[in-house]
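Working notes, structure below.
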Amino acid sequence: MAINNEALQQQLINDLLIESFEGLDRFDHEMLALENGTAQPDTLNIVFRAIHTIKGTAGCIGLGKIESVAHIGENLLSLLRDNKLQINPAMIAAFLEYSDALKEMLRCLEKTGQQGDKDYSTLLDKLKQLQTGEPLPETKPAAEEGWGLFEDEPSAATAVPSAPAKPATIAPAAATATPEKTAVIENTTRTGPSVSDSAIRVDVGQLDKLMNLVGELVLARNQIIQFTGKATEPALLNAAQRLNIITTELQESVMKTRMQPIGNVWSKFPRIVRDIAHELGKQVKLIMEGQETELDRTIIEAIKDPLTHIIRNAIDHGIEAPATRMSQGKPDEGMLILRAFHEGGQVNIEIMDDGQGINVARVKQKAIEKNLLAPDQAASVSDREVFNMIFLPGFSTAEQVTNVSGRGVGMDVVKTNIEKIGGSVDLSSESGQGTTLKIKIPLTLAIIPALIVTSGGERFAIPQVSLLELVRLEGEQARKGIEQLYGAPVYRLRGRLLPLAYLNHELKLPATAAAQKSEDAKIIVLQADGRQFGLVVDEINDTEEIVVKPLSKQLRNISCFAGATIMGDGKVALILDVLGLAQEAHVLSESRDRSKTEKPEEQTNASDRQTLLLFNAGDNSRLAIPLSTVARLEEFPLSIIERAGGQEVVQYRGQILPLIEVSQYLPRTATEIARPDPVQVVVYSDCGRNVGLMVGKINDIVEEALTIKRDAPRRGIAGSVVIQDKVTDLLDVPGIIREAEPNFYPATQEHA
Amino acid sequence: MSQTSKQFCTFFVNGLFFGVEVLNVQEVLRYQDMTPVPLASATVRGLINLRGQIVTAIDLRHRLNLPARNSGELPMNVVVRSEDGATSLLVDEIGDVVEIEDDVFENPPETLRGPARDLITGVYKLKDRLLLVLDTERTINLSGLPCHKEQTN
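Here the protein sequences come in this chain order: P and R.
So the first sequence is residues 1 to 752, counted in the working numbering.
So the second sequence is residues 1001 to 1153, counted in the working numbering.
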């Protein structure tokens, strides 16, 4: 019996802890609402109920100290609720302190099973004093500070507004908070917070298990669908179709149970922002948008700390002191905006402040001091690169280490943590205007889009977040395109050297006969740790949504794999860890330095460099057009080409796309060139209209300094340049279009 | 009836008769398709899809330093439970589940050498043969073994 009682007591304490921490979070939230005047009429009821529940439960299970501390606050709250007192900033400050005291005791209870022996009598005296309705002489300065932070009248000209103004602004909010009958509230308090009526707590392990079972069901469904593909029995086909629909819906629903609104993490931020701003003597207004944006719970956990760090940084380094802000003509209250939204299967989180922005000169100076940047390079480094230096390990621009930030846990940890869950961080800043951090993270870690490749006869999945582009080199190109630098293979990707790694070699896979026979080289351009490398594989299969499963203990030390997944046919495929693989293959360590020396040069020349699409007209000609004018590259089978108005057209994306055979508008086409099937079409876009240029073969995309060597326009040619050591003609597309289709350009707008 | 007894799931590896306690066994399966894991220890033969769960298969012949199986012979799976989830032991043939009384147990003989020494907890002296008892936790713990295939060769 004794054991049972103990277990029961522990269970009761656990329940109390969960309930009370939630209640106190809510309490803090509502207190801040009262402070900045956004309180709802029943705000006081909510906070009263939260405290009352803690007091009641703690009393029931014999936690006398927590009960008595909770009781004092409850008394003051009940006076407020019954309109016998008006809430004022001093009370709010005391209540927040009171909430901290309760949390401290609860945490102590959680860790040690005891309520702790800290003395809270000063706080309790303060609360008792406040019950008398008289001001607190000794706590006035604190109250003034607390007040100044959330001044909602921008007209208050001084950094620390005078005390008498405050009850005036907050009292109306409190006055509207007149509660309904006390008796009604008393009835509801025993049953706990009202959310519990429509929600239940489910163990996370249970949800994970459910997710696994659904994964299995999906596989079984896929197999059944394959079998029924050959069946003709209508009843069976119907059943299979129903199974298909229900499974899909079930999968979505189960995925949803793991989703949580990002607001769950954000709910702590108003308090954090208030406290940090308070500590630093700054005024910050926090605006949160898109709290309802949903994310997988594992991701919510993973972004909590990075977000907190970013917010601390923004207030500490970004937002200036009120006096500085006023002198620059900005409102004395700084603005911190948190925004979350879904976009393209990803969740975007933006953290914007209207502070001083990043001081490029200071970052450069710091980078030089820390040997992260050579002094002679400093002048040529772009602002964007300077911003990215903030993410390098061991970098902190804080002039002095404050309590808030600059303690060595830098932005590099933030970046690493976000990249670990497949996200990315992008920073932009305008001096004096503020800084914006954009974070992109996947919706879920459990199911991710991946590219499936084959090497050495085995399939591997590559997470799509690391994927930049795919390059296929055929025949001659495959032999010549990949060059060796002292045995290190590289490929010139648009003029820049891309280090290559062979998956077969890195994983010590046997070379299959088919792969050896193949003349093509398939390069997957991947990004890891902000740098690029190419992975050569035997075969590129397809993209697929995969369910990520962890590897067992025996295999976790292999850094090349991030996990495993089950493919549609029921077989297991390994998921490549792109960063681990890059490190194994040593393709990253060398390029870090190179990227530094290369980028500034690229930056300076960027103005006269242009990206060009190289192709031919079906013969041995070399033609180029600026890639910026190309909307898409398409392949059309000859069978879908129709004729309208004496012209070849094709139905394309709900429009009729006129087609122009480029070779007919070039000077030297004496012989008729046989048209390939399918025909390669460059969709050219200008003046909001599209035209399809039928070309022979699309060769490459290069970045070149565009200096026209021979400026002698001929029919269809604007000039000639040397690209990759070969003379290449720049196609005069406007000229060709004017000739082929005089109505393409609006009559009023004569094209140059 | 002061006698206590245990149930063992038995199997054969290279003619030797092994047993693991039934309580540790999740299930027994015939040969399953496996996906090899590059760079892993040669003891790891691959990954098996066990109804949506990915299970690592450990080749007992390799683990116990016994000669490799002939290429035509397909191993069977004895899936054992562990703290880290399920792991499959690849064996030659599955035997019966037998109930054995504790008094025929003896510690492994001193002459038992090699990796088997650490993995075999003892021997049950049955009428017609000896049953070697495997410690499953130690058997599936490969942390002391070299990781890359090339190093084991």
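Built from N, CA and C at the ideal position, the CB exists for glycine as well.
| Item | Value |
| --- | --- |
| First and last residue of the uninterrupted alpha helix (DSSP H) at P:Gly113 | P:Gly113 -> no alpha helix (DSSP H), and no H or E assigned at all. |
| is_contact[P:Ala753, chain R] using C-beta, thresh 8 Å | Because chain P in this structure spans residues 1 to 752, residue 753 of chain P falls outside the shown range and cannot be described. |
| Below-8 Å beta-carbon distance, R:Gly1052 vs any chain P residue | yes |
| Where P:Ile200 falls, given that 16 or more other Cβ within 10 Å makes a residue buried | exposed |
| Buried versus exposed, by CB contacts within 10 Å (16 or more), P:Ala323 | exposed |
| Beta carbon of R:Leu1066 nearer than 8 Å to that of R:Val1080 | no |
| Cutoff 8 Å: R:Thr1111 Cβ touching any chain P Cβ | no |
| Burial state of R:Gly1046, where buried means 16 or more other Cβ atoms lie within 10 Å | buried |
| Contacting residues, own chain, Cβ-Cβ under 8 Å from P:Lys571 (five flanking each side not counted) | Arg459 |
| Interface flag, P:Ala564 vs chain R, CB-CB below 8 Å | yes |
| Supposed close pair P:Val465, P:Phe533 - CB separation, criterion 8 Å | Not a contact, Cβ separation roughly 15 Å. |
| Reduced DSSP category for R:Tyr1031 - H, G, I as helix; E, B as strand; rest coil | coil |
| Endpoints, alpha helix (DSSP H) assigned at P:Met694 | Here P:Met694 belongs to no alpha helix (DSSP H); instead the beta strand (DSSP E) covers Arg689 to Val695. |
| Close-in-space but distant-in-sequence residues of the same chain around P:Asp732 (CB under 7 Å, 5 per side omitted) | Pro713, Gly716, Ile717 and Ala718 |
| Alpha helix (DSSP H) segments (min. 4 residues) lying fully within the stretch 6-64 of chain P | 43-60 |
| Any chain R beta carbon closer than 8 Å to P:Met215 | Strictly speaking, residue 215 of chain P in this sequence is Gly, with Met absent from that position. So, interface residue. |
| Any 3 or more C-beta pairs closer than 8 Å across the stretch 344-361 of chain P and the stretch 305-322 of chain P | yes |
| Cβ of R:Gly1085 within 8 Å of any chain P Cβ | yes |
| Spatial distance of R:Leu1060 from R:Thr1010 (CA atoms) | 13 Å |
| Residue from P:Gln11, P:Arg221, P:Arg81 and P:Val381 whose Cα sits closest to the Cα of P:Ile245 | P:Arg221 |
| Whole-angstrom distance between P:Asp725 and P:Val702, CA atom to CA atom | 12 Å |
| 7 Å CB neighbourhood of P:Pro261 in its chain, flanking five on each side removed | Gln291, Glu292, Thr293 and Glu294 |
| Neighbourhood of R:Pro1038 by C-beta, 7 Å cutoff - its chain only, sequence neighbours within 5 removed | none |
| Cut-off 6 Å between Cβ atoms - residues of its own chain near P:Leu503, not counting five sequence neighbours on either side | Ser455, Leu535 and Val537 |
| Interface residues of chain P facing R:Asn1065 [CB-CB closer than 7 Å] | The contacting residues do not exist; R:Asn1065 stays about 17 Å from chain P at best. |
| Buried versus exposed call for P:Pro270 [16 or more other C-beta atoms within 10 Å across all chains shown] | buried |
| Stretch-stretch touch, CB-based, cutoff 8 Å, three pairs: the stretch 673-680 of chain P with the stretch 629-640 of chain P | yes |
| Any chain R beta carbon closer than 8 Å to P:Gly334 | no |
| Cβ of P:Gln226 within 8 Å of any chain R Cβ | no |
| Under 7 Å from the C-beta of R:Asn1049: neighbouring residues of chain P | Ile566, Gly570, Lys571 and Val572 |
| With 16 other Cβ atoms within 10 Å as the buried cut-off, status of P:Ala325 | Correcting the residue type first, residue 325 of chain P is Arg in the shown sequence and not Ala. Answer is buried; the Cβ neighbour count reaches 16. |
| Chain R contact for P:Ser663 (CB, 8 Å cutoff) | no |
| Simplified DSSP assignment, three categories, for P:Gln356 | coil |
| Contact list for P:Ser20 against chain R, beta-carbon separation under 7 Å | Within 7 Å Cβ-Cβ: nothing; P:Ser20 doesn't reach chain R, min ~33 Å. |
| Near-chain R residues of the stretch 544-556 of chain P - C-beta to any C-beta below 7 Å | Lys549, Ser552, Lys553, Gln554 and Leu555 |
| Whole-angstrom distance between P:Asn388 and P:Ser382, CA atom to CA atom | 10 Å |
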